[in-house]
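Mapped onto the working numbering, the consecutive letters of the sequence shown carry residue numbers -10 to 275.
Here a beta-carbon is modelled for each residue, glycine too, at the ideal position from N, C-alpha and C.
These figures come from a predicted structure and were not determined experimentally.
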Amino acid sequence: MSKKSRLDFMKMKEKGEPVAWITAYDFPTASFAEQAGMDMILVGDSLGMVLLGYKGTVPVTMEECITCCKAVRRGAPNTFCIGDMPFMSYQISDEDAVYNAGRFLKEADMDAVKLEGGRRVITRIKAIADAGILVMGHIGLTPQSSGVLGGFKAQGRDPKSARDLIMDARAIEEAGAFALLLEAVPPELTEFIAKDLSIPVYSIGAGAPCDGQLLICGDMLGLFQAFTPKFVKKYANVAEIEINAFKAFIDDVKKGKFPEDQHCYHILSETAEEYQKMLEELRKRS
């Protein structure tokens, strides 16, 4: 399969063909996603919760993101991959934003970056885009600023907040973003923004009427057990499979059922006699 480009995603929007994409943070998941034909992969800062066990995304560092991005690229060399800019990698200045966005491309071979926020980070988006780096916007429920939002709550459910999000979306497109991600907003608002903008508009918990859907791999595969957002559809329960496999292994070890002869490497038959003599000699000395 050939890697899709920004132009492909624009064509998909024009044709009404939805984009399917997930988050991934490691080599095997990325490899499986590519084999399945995933359109895009986001190496999200959600890795902090799903992979590293943090309580949220704020502790995630650039180094952790870069490491995961490298692993994902090795697993999915032919898939359009996006690096998620972690908290404080772009908030301080336009210069910081461009430098850290560039690291995702130079060090991890990402195709684009994503950052959270609307008009308050618009100079960052413009600076990154002006540097020749594809950048995706992200508004609605923005986990890095969940404290300001009052927690992990849906956004844009009243006219005033919906208007603010529309203004944010328009500003993001004008600043040069190649796409926009909406998180946890009403489908009516999602549909309006998707039709209002010329760039692709994607949803994570923002309903169907847009240009594609994103889910976090740990949620859809049943790997992340702390909680499951309302908008998630579980396509597997990998946690249950792994726990049962671990239990079976423990049981086999305790009862002496593992390993069996078929799991062992035996000495070379032509050296068997010499091997036993060596063991006997050392046994006598001990």
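Identity of the residue in the options nearest residue i by Cα
i	options	result
Pro198	Lys(-7), Ser(-9) and Gly5	Gly5
Gly126	Glu263, Val242 and Ala166	Ala166
Asp34	Ser(-9), Glu53 and Ala168	Glu53
Gly72	Lys266, Ala13, Tyr264 and Ser(-9)	Ala13
Ala120	Lys236, Ile230 and Asn89	Asn89
Gln144	Ile128, Gln133 and Ala158	Ile128
Ala65	Ala116, Trp10 and Ser78	Trp10
Met(-10)	Ser20, Asp15 and Pro7	Ser20
Ser(-6)	Val47, Met77 and Ala101	Ala101
Ala359	Ala164, Gly107 and Ile122	The chain is shown from -10 up to 275; residue 359 falls before or after that span and cannot be answered.
Pro7	Gly45, Ala160, Thr46 and Tyr191	Tyr191
Ser134	Ile122, Val47, Asp185 and Phe247	Val47
Span separating the alpha-carbon of residue i from that of residue j
i	j	result
Glu105	His255	57 Å
Lys95	Met(-1)	25 Å
Phe213	Lys244	31 Å
Lys59	Ile205	18 Å
Asp83	Lys223	39 Å
Val124	Lys149	27 Å
Asp(-3)	Asp28	10 Å
Ile111	Leu170	15 Å
Ala168	Ala118	12 Å
Cys158	Ile114	The sequence shown places Ala at residue 158, rather than the Cys named in the question. Approximately 12 Å between the Cα atoms of the pair.
Ala294	Gly42	In this structure the chain extends from -10 to 275, so residue 294 is not present and cannot be described.
Gly91	Arg109	21 Å
Leu268	Glu231	40 Å
Lys273	Asp240	37 Å
Ser258	Phe235	35 Å
Gly331	Ser187	The first residue shown for the chain is -10 and the last is 275, placing residue 331 beyond what the model contains.
Leu271	Ala215	54 Å
Ile30	Thr56	15 Å
Lys142	Leu154	15 Å
Arg146	Ala160	20 Å
Gly262	Glu229	Looking at the sequence itself, residue 262 is Glu, so the reference to Gly does not match. Cα to Cα, Glu262 sits roughly 48 Å from Glu229.
Ala164	Met51	24 Å
Per-residue burial, residue i [other beta carbons within 10 Å of its own, 16 or more giving buried]
i	result
Ala25	exposed
Met156	exposed
Gln202	buried
Thr260	exposed
Pro189	buried
Ile182	buried
Glu162	buried
Asp40	According to the sequence provided, residue 40 is Leu. The question's Asp does not apply to it. Leu40 comes out buried.
Ala264	The residue you asked about is not Ala; residue 264 is Tyr in the sequence shown. Its Cβ having fewer than 16 others within 10 Å, Tyr264 is exposed.
Ala173	buried
Glu23	buried
Ala97	buried
Val242	exposed
Lys103	buried
Ile81	exposed
Beta-carbon proximity list for residue i, same chain, < 6 Å, skipping 5 on both sides
i	result
Gly196	Pro176 and Thr179
Thr18	Cys206
Thr131	Glu105
Lys2	Pro189 and Asp200
Val49	Asp34, Gly37 and Pro75
Phe16	Ala60, Arg63 and Gly64
Phe220	Gly194
Phe247	Asp241
Cβ neighbours of residue i in the same chain (closer than 7 Å, five flanking residues each side left out)
i	result
Lys(-8)	Asn67, Thr68 and Phe69
Asn226	Gly211
Pro218	Gly194 and Asp208
Ala86	Tyr79, Arg113, Ala116 and Ile117
Asn233	none
Contacting residues, own chain, Cβ-Cβ under 8 Å from residue i (five flanking each side not counted)
i	result
Met99	Val32, Cys58, Arg62, Cys70, Ile71, Gly72 and Phe93
His252	none
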